[in-house]
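Counted from 1, the sequence shown has number 694 at position 94 by this note's numbering; the numbering is strictly sequential.
Glycine residues also receive a C-beta, built at the ideal position from the N, C-alpha and C atoms.
Computed from a predicted structure; not experimentally measured.
First the structure, in the form of structure tokens, and then the observations on it.
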Amino acid sequence: MADIDPHKAVDFLLANAGKYAQAKASRIYIEEYRKSKKALLMGECPEKAVNAREQYAYSHPEYISLLEGLKAAVEVEESLRWSQIAAQLRVEVWRSEQASNRNIERATR
601 MADIDPHKAV DFLLANAGKY AQAKASRIYI EEYRKSKKAL LMGECPEKAV
651 NAREQYAYSH PEYISLLEGL KAAVEVEESL RWSQIAAQLR VEVWRSEQAS
701 NRNIERATR
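The following block contains the structure:
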């Protein structure tokens, strides 16, 4: 296995913490705004029946565009999240390797 530099992994976590927080905040904002957008679009619909107004809102181009934005926000957030998880795992692997090396050193004394 290649040498793992835990410092690089931790530096990566620190450097990307703000990006991940921003991505998560954007995703949550869009999820919440989606409810408001649906209500606004339902209010624009001239129909009186709730199901017709809901259908209007869900099929509206602005709502569909919002869903595309949500899709993109989730993609960014998940990419950053899994990169952070990978960096955390690199540190754990390094720690395990160090513990194994110490055990080998003790055993060969």
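query	result
Among Ser659, Tyr629, Glu632, nearest to Met642 - alpha-carbon criterion	Ser659
Tyr656 to Ser683 span [Cα, whole Å]	39 angstroms
Asn701 versus Arg709: straight-line alpha-carbon distance, rounded	12 angstroms
Helix, strand or coil at Pro589 [DSSP, three-state]	Since the displayed the chain opens at 601 and closes at 709, residue 589 lies outside it and no answer follows.
DSSP-derived helix/strand/coil call for Pro646	coil
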